[in-house]
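Number of protein chains: 4
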Amino acid sequence: MKTIKPLREKKNTAILLIHCPDKQGILATVTEFLNQNRGNIIYLDQHVDRKEEIFYMRVEWELDGFAIPHDKIGEYFETLIANALQMNWRLYFTDDIPRMALFVSKMPHCLFDILARYTAGEWDVEIPLIISNHETLKPVADRFGVDFYHFPVTSENKAELEKKEIEILKEKEIDFVVLARYMQVLSGDFVNHFPNKIINIHHSFLPAFAGAKPYHAAHERGVKIIGATSHYVTSDLDAGPIIEQDVTRCSHIDTVEKLIRKGRDLEKIVLSQAVYKHLQRKILVYRNRTVVFN
Amino acid sequence: MKTIKPLREKKNTAILLIHCPDKQGILATVTEFLNQNRGNIIYLDQHVDRKEEIFYMRVEWELDGFAIPHDKIGEYFETLIANALQMNWRLYFTDDIPRMALFVSKMPHCLFDILARYTAGEWDVEIPLIISNHETLKPVADRFGVDFYHFPVTSENKAELEKKEIEILKEKEIDFVVLARYMQVLSGDFVNHFPNKIINIHHSFLPAFAGAKPYHAAHERGVKIIGATSHYVTSDLDAGPIIEQDVTRCSHIDTVEKLIRKGRDLEKIVLSQAVYKHLQRKILVYRNRTVVFN
Amino acid sequence: MKTIKPLREKKNTAILLIHCPDKQGILATVTEFLNQNRGNIIYLDQHVDRKEEIFYMRVEWELDGFAIPHDKIGEYFETLIANALQMNWRLYFTDDIPRMALFVSKMPHCLFDILARYTAGEWDVEIPLIISNHETLKPVADRFGVDFYHFPVTSENKAELEKKEIEILKEKEIDFVVLARYMQVLSGDFVNHFPNKIINIHHSFLPAFAGAKPYHAAHERGVKIIGATSHYVTSDLDAGPIIEQDVTRCSHIDTVEKLIRKGRDLEKIVLSQAVYKHLQRKILVYRNRTVVFN
Amino acid sequence: MKTIKPLREKKNTAILLIHCPDKQGILATVTEFLNQNRGNIIYLDQHVDRKEEIFYMRVEWELDGFAIPHDKIGEYFETLIANALQMNWRLYFTDDIPRMALFVSKMPHCLFDILARYTAGEWDVEIPLIISNHETLKPVADRFGVDFYHFPVTSENKAELEKKEIEILKEKEIDFVVLARYMQVLSGDFVNHFPNKIINIHHSFLPAFAGAKPYHAAHERGVKIIGATSHYVTSDLDAGPIIEQDVTRCSHIDTVEKLIRKGRDLEKIVLSQAVYKHLQRKILVYRNRTVVFN
Chain L
3 MKTIKPLREK KNTAILLIHC PDKQGILATV TEFLNQNRGN IIYLDQHVDR
53 KEEIFYMRVE WELDGFAIPH DKIGEYFETL IANALQMNWR LYFTDDIPRM
103 ALFVSKMPHC LFDILARYTA GEWDVEIPLI ISNHETLKPV ADRFGVDFYH
153 FPVTSENKAE LEKKEIEILK EKEIDFVVLA RYMQVLSGDF VNHFPNKIIN
203 IHHSFLPAFA GAKPYHAAHE RGVKIIGATS HYVTSDLDAG PIIEQDVTRC
253 SHIDTVEKLI RKGRDLEKIV LSQAVYKHLQ RKILVYRNRT VVFN
Chain G
3 MKTIKPLREK KNTAILLIHC PDKQGILATV TEFLNQNRGN IIYLDQHVDR
53 KEEIFYMRVE WELDGFAIPH DKIGEYFETL IANALQMNWR LYFTDDIPRM
103 ALFVSKMPHC LFDILARYTA GEWDVEIPLI ISNHETLKPV ADRFGVDFYH
153 FPVTSENKAE LEKKEIEILK EKEIDFVVLA RYMQVLSGDF VNHFPNKIIN
203 IHHSFLPAFA GAKPYHAAHE RGVKIIGATS HYVTSDLDAG PIIEQDVTRC
253 SHIDTVEKLI RKGRDLEKIV LSQAVYKHLQ RKILVYRNRT VVFN
Chain W
3 MKTIKPLREK KNTAILLIHC PDKQGILATV TEFLNQNRGN IIYLDQHVDR
53 KEEIFYMRVE WELDGFAIPH DKIGEYFETL IANALQMNWR LYFTDDIPRM
103 ALFVSKMPHC LFDILARYTA GEWDVEIPLI ISNHETLKPV ADRFGVDFYH
153 FPVTSENKAE LEKKEIEILK EKEIDFVVLA RYMQVLSGDF VNHFPNKIIN
203 IHHSFLPAFA GAKPYHAAHE RGVKIIGATS HYVTSDLDAG PIIEQDVTRC
253 SHIDTVEKLI RKGRDLEKIV LSQAVYKHLQ RKILVYRNRT VVFN
Chain R
3 MKTIKPLREK KNTAILLIHC PDKQGILATV TEFLNQNRGN IIYLDQHVDR
53 KEEIFYMRVE WELDGFAIPH DKIGEYFETL IANALQMNWR LYFTDDIPRM
103 ALFVSKMPHC LFDILARYTA GEWDVEIPLI ISNHETLKPV ADRFGVDFYH
153 FPVTSENKAE LEKKEIEILK EKEIDFVVLA RYMQVLSGDF VNHFPNKIIN
203 IHHSFLPAFA GAKPYHAAHE RGVKIIGATS HYVTSDLDAG PIIEQDVTRC
253 SHIDTVEKLI RKGRDLEKIV LSQAVYKHLQ RKILVYRNRT VVFN
């Protein structure tokens with residue numbers, strides 16, 4: 003499938019994402035744990051929210067030479083460190099390639115951008131399937147050799163079809179879902195199956211112009227800048243934790259059609275940047291806000 | 003008062019701002035009128051809103067050698083051109099220096115930025131007075147030698163004090179008002195005295211976070227970009243025609259206090275850019291949207 | 003080939019791009035010519051460079067109902083208008099679809115971006131062929147069904163192979179060439195065959211970091227912003243007229259590899275925006291600078 | 003002098019800026035040192051340059067309750083920590099208010115911006131004096147109540163006058179110098195007295211358009227974006243470590259005069275942001291590049 007060689011060599015590393023109540027010495031405790039077990043740290047970033055008194059951390063270290071076996075790290079970390087500090091933590095290994103499903107409708111720009119990166123080996127990801135409520139983009143899926151499933155969702159059959167979608171996502175061992183201009187609202191039940199694991203792109207600078215037809219609304223309001231927002235999907239429409247935003251200038255000469263055209267370039271880049279951050283395990287969510295490490 | 007020399011020589015020119023229903027030949031008609039009367043055009047820009055079918059134009063020409071006397075231009079233009087084309091037009095002369103009033107509360111950054119430009123001669127404007135609901139910024143007004151009036155507006159005395167403010171603005175022949183972080187809502191009656199002649203700076207990327215405490219709201223929502231918006235004031239709060247907007251990036255490390263600090267630099271530049279466009283007579287308003295010529 | 007429907011309906015229009023010495027009445031003369039012959043103007047923009055005293059104009063009008071036949075417009079315009087005003091002009095018809103050749107080396111991101119837009123019908127263009135000095139990207143060309151020619155250019159065979167390339171470009175009636183990260187310097191002779199018809203993307207904010215390895219140089223210099231520049235190719239390396247530029251922030255945490263990654267997104271968008279401007283006939287070149295109409 | 007109240011309460015804290023060869027456990031060692039001595043850390047950021055193998059760190063902690071007396075912290079840190087790790091470190095206390103000298107020529111915009119922030123209490127700084135090679139801006143200094151020294155530097159008297167300038171800077175206990183559009187090149191000797199303590203604003207996007215008249219050069223080259231760069235001054239003109247850069251869009255309609263006008267807003271904001279980072283002790287310099295912590 004990948005006709006172009008991946009640009010980066012894989013490193014065999016582990017990543018810990020942590021948040022917990024802040025107190026003295028957490029950073030020292032975690033880094034000491036890794037150092038003492040001969041884990042060579044290649045990335046460390048931390049943040050303390052001093053108002054909420056929450057400590058956030060992302061640390062990545064090489065597994066070669068690490069004293070604790072691969073499959074025991076989680077257990078040891080929980081027992082020796084996390085438990086006493088009331089840590090909420092997740093552990094990832096970079097040789098576990100995440101599996102992503104794409105949901106699309108009729109607009110191809112985000113889909114092309116993601117499949118191009120995938121094919122070029124820009125991202126360490128597998129994309130086993132594309133799901134759509136229309137058949138319009140099947141030729142794109144075919145061209146890139148990715149399986150395409152057509153679920154013509156309506157208000158009547160939504161519950162039934164979403165159930166089938168969830169089944170196929172489980173069967174294909176999908177880790178997260180990307181809505182690449184999928185013009186359907188997912189049910190709360192669907193969303194609950196993938197908490198902070200569904201990434202959407204909304205074609206406005208949220209919270210401005212949530213909901214339908216944001217470019218029309220932006221034109222009507224006469225804004226001088228338009229934007230795009232990628233966020234995790236929650237049961238509140240367009241109200242989930244924001245991952246990335248970007249904007250571009252517009253003016254009185256821009257019709258709605260020109261805003262839509264300009265917006266497409268924003269949308270695809272903002273969505274892909276959010277997906278890349280997610281793939282790198284650089285995002286923590288706390289109370290509907292994200293911590294996105296550099 | 004101006005201790006630093008103005009940077010530009012004054013040119014003796016006239017400016018026409020026009021909008022009217024679009025039809026063939028308007029542009030040719032207006033430019034021919036100026037050419038035939040030996041008006042050397044030094045600026046011309048036009049825009050056609052093809053959806054609304056409205057023609058917009060700004061043209062500036064040198065008065066030296068122009069065949070029609072200064073004080074007859076309006077009459078001739080109306081009779082010969084504008085009347086037949088149902089034009090809505092305004093005529094300005096660059097040797098009429100606009101007179102601006104500043105309204106402030108307690109925050110000095112926009113006030114300083116405007117007074118610095120004024121003192122440096124960056125703008126062709128007179129600032130005869132500053133009005134405030136607090137005495138906090140009187141020392142700044144004194145330092146720059148501008149008269150300062152204190153009107154301690156409350157909900158009880160608002161109608162009465164606004165009446166006095168309007169009187170003094172009329173007496174001082176004020177052409178337009180700039181709200182440089184004035185933390186009071188003006189009454190509809192006050193606004194109606196100055197249609198499209200009151201410029202406000204709102205400390206958010208409108209229409210997101212209209213109303214009070216936008217930086218707190220932006221932090222709560224977890225946006226990755228904050229903005230500022232300058233607009234003409236209408237009777238709808240924060241809903242008037244937008245003149246200029248700008249944004250800057252923020253992240254999870256930015257507390258509300260840091261957003262406020264970052265925002266200050268945006269606010270002062272965005273407000274001053276809007277004032278400069280207004281002073282240059284480059285803004286037309288139509289149906290709550292602006293046409294801002296380059 | 004185009005599996006996705008074009009997004010826009012074709013309008014049957016003509017476009018004139020003009021520059022000439024500035025004098026009174028040019029704008030009126032041109033618009034009158036179109037109006038009198040019942041040409042409905044749907045776009046008009048003009049610019050006067052008052053220092054160089056050059057007038058620039060772009061006008062587009064509907065051919066339906068236009069009094070002068072399609073194939074006589076150029077002749078009439080030259081005789082009646084352009085000759086007396088020493089105009090340099092070009093005439094385009096929007097139903098003549100431009101034919102573009104892509105030159106690539108090993109990096110696929112710009113190629114993918116252009117082929118995606120092409121396939122989605124975002125642009126009115128034909129892409130009959132891709133030329134490369136490597137075979138790396140042949141699978142991409144195959145996937146999109148575009149002919150791929152491999153010319154393994156070296157310093158020894160360059161003159162010979164460029165001659166063959168020119169032959170094939172002529173044979174395929176190519177109007178303009180896009181260098182989508184083509185890592186070869188074209189000879190002056192090749193460039194002279196396509197004046198202002200070869201668009202390059204340089205991976206720096208020109209004129210900073212012209213030449214090889216700009217991201218390495220940017221990292222070494224410790225800049226806080228990186229950029230990309232699209233320009234017409236002239237015989238001076240990276241010194242041709244600039245069409246479009248854009249930038250993105252970087253910091254001390256960005257290694258050369260991260261700059262390269264960030265830069266890719268800039269490069270593809272900046273190049274595609276330049277190509278789109280070229281396709282819309284919105285660019286005029288005068289003395290190594292561009293006028294790019296909105 | 004400060005007629006407007008400072009916006010922030012002073013906290014009594016210490017700041018350590020460190021760089022040293024990278025090895026395991028440095029972060030843990032430093033944070034343990036502070037924790038064990040009851041120093042409540044309120045800011046910590048670190049960066050590892052994995053290519054150069056250099057560790058960088060900024061840590062700030064509250065002095066209230068810290069076990070080591072104020073005037074012994076440096077000695078203890080050197081003995082117990084820094085010596086063994088070959089650390090290059092600097093220690094600051096936030097109740098030591100830095101003293102800054104301003105150098106200006108004729109242009110007031112950066113001067114006004116800095117004095118406005120100073121007067122408004124936006125920065126914790128003292129500005130005991132302004133030095134200029136012209137008398138033009140003395141009225142601005144007078145208006146803000148800051149001493150103004152006129153040194154009419156020429157190529158003949160430069161050595162002599164710079165000597166006097168250094169004397170007065172030492173006498174006034176100046177910590178760092180800000181060149182707020184000072185249009186004179188300082189000698190290498192002068193620069194050597196203030197290593198990484200002279201901040202300049204250059205009116206271009208360095209390294210593009212170093213040297214004189216960058217806006218003229220930018221216009222000539224036809225760039226689509228202009229910029230401004232603040233950097234520490236070294237003996238190489240416009241080649242010192244870059245602190246901050248920003249850009250704004252321009253187009254063919256921008257004359258040199260318009261670029262200069264647009265550039266002024268960039269220059270003053272970029273310079274003030276660099277000064278603020280310096281005042282916060284957030285900048286480390288290594289091999290002509292800066293690490294600028296958030």
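Chains as they are written, first to last, in this note's numbering: chain L, 3 to 296; chain G, 3 to 296; chain W, 3 to 296; chain R, 3 to 296. Note that beta-carbon positions come from the ideal geometry of N, C-alpha and C, so glycine has one too.
**Message:** So for R/Asp274, helix, strand or coil by DSSP?
**Reply:** Residue numbering aside, residue 274 of chain R sits at position 272 when the fourth sequence is read from its first letter. A small fix is needed here, since residue 274 of chain R is Ser in this sequence, not Asp. Of the three classes helix, strand and coil, the one that applies to R/Ser274 here is helix, per DSSP.
**Asked** In the DSSP assignment, what are the bridge partners of G/Pro243?
**Response** One-based indexing of the second sequence puts residue 243 of chain G at position 241. Its beta-bridge partners do not exist; DSSP assigns none.
**Item:** Spatial distance of R/Glu137 from G/Phe68 (CA atoms)
**Value:** Working through the fourth sequence from its first residue, we reach residue 137 of chain R at position 135. Working through the second sequence from its first residue, we reach residue 68 of chain G at position 66. Between R/Glu137 and G/Phe68, the C-alpha separation is close to 42 Å.
**Beta-carbon gap between R/Phe35 and R/Pro100 smaller than 8 Å** = The residue given as residue 35 of chain R occupies position 33 in the fourth sequence. The residue given as residue 100 of chain R occupies position 98 in the fourth sequence. R/Pro100 sits away from R/Phe35, with the two beta carbons spaced by 8 Å or more.
**Prompt:** Do you know offhand how far L/Ser274's Cα is from L/Pro243's?
**Reply:** On the first sequence, position 272 is the one that residue 274 of chain L refers to. On the first sequence, position 241 is the one that residue 243 of chain L refers to. Cα-Cα distance, rounded: 16 Å.
**Prompt:** Going by the CB atoms, is the gap between R/Pro216 and R/His205 shorter than 8 Å?
**Reply:** In the fourth sequence, residue 205 of chain R corresponds to position 203, counting from 1. In the fourth sequence, residue 216 of chain R corresponds to position 214, counting from 1. For the 8 Å CB-CB criterion, R/His205 and R/Pro216 form a contact.
**Asked** Does the Cβ of W/Ile201 have 16 or more other Cβ atoms within 10 Å, making it buried, or fewer, making it exposed?
**Response** Mapped onto the third sequence, residue 201 of chain W falls at position 199. Buried, by the Cβ-count rule.
**Candidates L/Asp149, L/Ala161 and L/His218, of which the one nearest L/Gly190 by Cα** = For this step, residue 190 of chain L is matched to residue 188 along the first sequence. The shortest C-alpha separation from L/Gly190 is found at L/Ala161.
**Prompt:** Going along the chain, which residues of the segment 88 to 120 of chain L sit with their C-beta nearer than 8 Å to a C-beta in chain R?
**Reply:** Listed in chain order, the positions of the segment 88 to 120 of chain L with a beta carbon within less than 8 Å of a beta carbon of chain R would be empty, since no residue qualifies.
**Prompt:** Quick one: what does DSSP say W/Asp115 is sitting in, helix, strand or coil?
**Reply:** Walking along the third sequence from the start, residue 115 of chain W turns up at place 113. In the displayed model, W/Asp115 falls within a helix according to three-state DSSP.
**Message:** Using the three-state DSSP reduction, which class does G/Val106 fall into: helix, strand or coil?
**Reply:** Against the second sequence, residue 106 of chain G aligns to sequence position 104. Collapsing the DSSP output to three states places G/Val106 in a strand.
**Asked** Should W/Ile227 and R/Val249 be called a contact, given that it needs their Cβ atoms to be closer than 8 Å?
**Response** Translated into the one-based positions of the third sequence, residue 227 of chain W becomes position 225. Translated into the one-based positions of the fourth sequence, residue 249 of chain R becomes position 247. With a cutoff of 8 Å on beta-carbon distance, W/Ile227 and R/Val249 are scored as near each other.
**Prompt:** For the segment 103 to 115 of chain G against the segment 74 to 91 of chain G, are there 3 or more C-beta pairs whose distance is under 8 Å?
**Reply:** Verdict: no, contact absent.
**Proximal residues, the segment 53 to 65 of chain R versus chain W, C-beta separation under 7 Å** = Answer in chain order: Lys53.
**Asked** At least one CB of chain G closer than 8 Å to the CB of R/Asp342: is that the case?
**Response** With chain R covering only 3 through 296, there is no way to say anything about residue 342 of chain R.
**Prompt:** Of the residues G/Phe150, G/Met89, G/Ile285 and G/Asn198, which one's Cα is nearest the Cα of G/Asp238?
**Reply:** The residue given as residue 238 of chain G occupies position 236 in the second sequence. When the alpha-carbon of G/Asp238 is set against those of G/Phe150, G/Met89, G/Ile285 and G/Asn198, the nearest one is in G/Asn198.
**Message:** What ranges does the beta strand (DSSP E) occupy inside the segment 181 to 249 of chain R, keeping only unbroken runs of at least 3 residues that lie completely in it?
**Reply:** Within the segment 181 to 249 of chain R, the complete beta strand (DSSP E) runs of at least 3 residues are 200 to 204 and 227 to 234.
**Item:** As assigned by DSSP and simplified to three states, the class of R/Ile376
**Value:** The requested residue 376 of chain R does not occur in the structure, where chain R is confined to residues 3 to 296.
**Message:** Taking the straight line between their C-alpha atoms, what separation do you get for G/Phe95 and G/Trp125?
**Reply:** For this step, residue 95 of chain G is matched to residue 93 along the second sequence. For this step, residue 125 of chain G is matched to residue 123 along the second sequence. Between G/Phe95 and G/Trp125, the C-alpha separation is close to 15 Å.
**Request:** Determine the extent of the alpha helix (DSSP H) in which L/Phe79 is found, giving its start and end residues.
**Result:** Counting from one through the first sequence, the residue named residue 79 of chain L turns up at place 77. First-last of the alpha helix (DSSP H) with L/Phe79: Ile75 to Phe79.
**Request:** Mind listing the chain R neighbours of W/Ser253? Cutoff is C-beta to C-beta under 8 Å, in chain order.
**Result:** Counting from 1 along the third sequence, the entry for residue 253 of chain W is found at position 251. Result: Val294.
**Prompt:** Are the CB atoms of G/Gly76 and G/Leu93 nearer to each other than 8 Å?
**Reply:** By one-based count along the second sequence, residue 76 of chain G stands at place 74. By one-based count along the second sequence, residue 93 of chain G stands at place 91. Their beta carbons are under 8 Å apart, which means G/Gly76 touches G/Leu93 by this criterion.
**Message:** For a cutoff of 8 Å on Cβ pairs, would you count W/Leu29 as touching chain G?
**Reply:** Stepping through the third sequence from its first residue, residue 29 of chain W is reached at position 27. At a cut-off of 8 Å between C-beta atoms, W/Leu29 counts as an interface residue with respect to chain G.
**Item:** Backbone secondary structure at R/Asp149 - three-state DSSP
**Value:** Taking the fourth sequence and counting its residues from 1, one reaches residue 149 of chain R at position 147. Strand.
**Asked** Within 10 angstroms of its Cβ, does R/Arg289 collect 16 or more other Cβ (buried), or is it exposed?
**Response** If you number the fourth sequence from 1, residue 289 of chain R lands on position 287. By the 10 Å Cβ count, R/Arg289 comes out exposed.
**Request:** Rank W/Arg266, W/Glu158 and W/Ala84 by C-alpha distance to the C-alpha of L/Asp115 and give the top, closest one.
**Result:** Sequence index remark: in the first sequence, residue 115 of chain L carries index 113 (1-based). When only C-alpha atoms are compared, the closest one is W/Arg266.
**Asked** Is G/Ala30 closer than 8 Å to W/Ala30 when the C-beta atoms are compared?
**Response** Taking the first residue of the third sequence as position 1, residue 30 of chain W is located at position 28. Taking the first residue of the second sequence as position 1, residue 30 of chain G is located at position 28. Between W/Ala30 and G/Ala30, the gap from beta carbon to beta carbon is short of 8 Å.
**Message:** Counting only C-beta atoms, is L/Ile75 closer than 8 Å to chain W at any point?
**Reply:** As a working mapping, residue 75 of chain L is identified with position 73 in the first sequence. No, because no Cβ of chain W sits closer than 8 Å to the Cβ of L/Ile75.
**Item:** Distance, G/Leu261 Cα to G/Gly224 Cα
**Value:** As a working note, residue 224 of chain G is residue 222 in the second sequence. As a working note, residue 261 of chain G is residue 259 in the second sequence. Straight across, the Cα-Cα distance linking G/Gly224 with G/Leu261 is about 11 Å.
**Asked** When DSSP builds the beta bridges, which residues end up paired with L/Tyr120?
**Response** Translated into the one-based positions of the first sequence, residue 120 of chain L becomes position 118. Bridge partners of L/Tyr120 according to DSSP: none are assigned.
**Request:** Say whether chain G places a C-beta atom closer than 8 Å to the C-beta of W/Ile44.
**Result:** Taking the first residue of the third sequence as position 1, residue 44 of chain W is located at position 42. A Cβ of chain G is located within less than 8 Å of the beta carbon of W/Ile44.
**Request:** Could you tell me which residues DSSP pairs with W/Thr292 in its beta bridges?
**Result:** Walking along the third sequence from the start, residue 292 of chain W turns up at place 290. Per DSSP, W/Val287.
**Asked** Would R/Leu286 pass as a contact of R/Val235 if the rule is Cβ separation under 8 Å?
**Response** The count along the fourth sequence starts at 1 and reaches residue 286 of chain R at position 284. The count along the fourth sequence starts at 1 and reaches residue 235 of chain R at position 233. Taking 8 Å as the Cβ cut-off, R/Leu286 and R/Val235 do not qualify as a contacting pair.
**Message:** Considering only their Cβ atoms, is the gap separating L/Pro110 from W/Ala298 smaller than 8 Å?
**Reply:** Residue 298 of chain W lies beyond the range of chain W shown here (3 to 296); nothing can be said about it.
**Prompt:** Is it buried or exposed for L/Asn14, if we count other Cβ within 10 angstroms and need 16 for buried?
**Reply:** As a working note, residue 14 of chain L is residue 12 in the first sequence. With fewer than 16 neighbouring CB atoms inside 10 Å of its own CB, L/Asn14 falls in the exposed class.
**Prompt:** From L/Gly147 to L/Ile129, what distance separates their C-alpha atoms?
**Reply:** As a working mapping, residue 147 of chain L is identified with position 145 in the first sequence. As a working mapping, residue 129 of chain L is identified with position 127 in the first sequence. Going from the Cα of L/Gly147 to the Cα of L/Ile129 covers about 10 Å.
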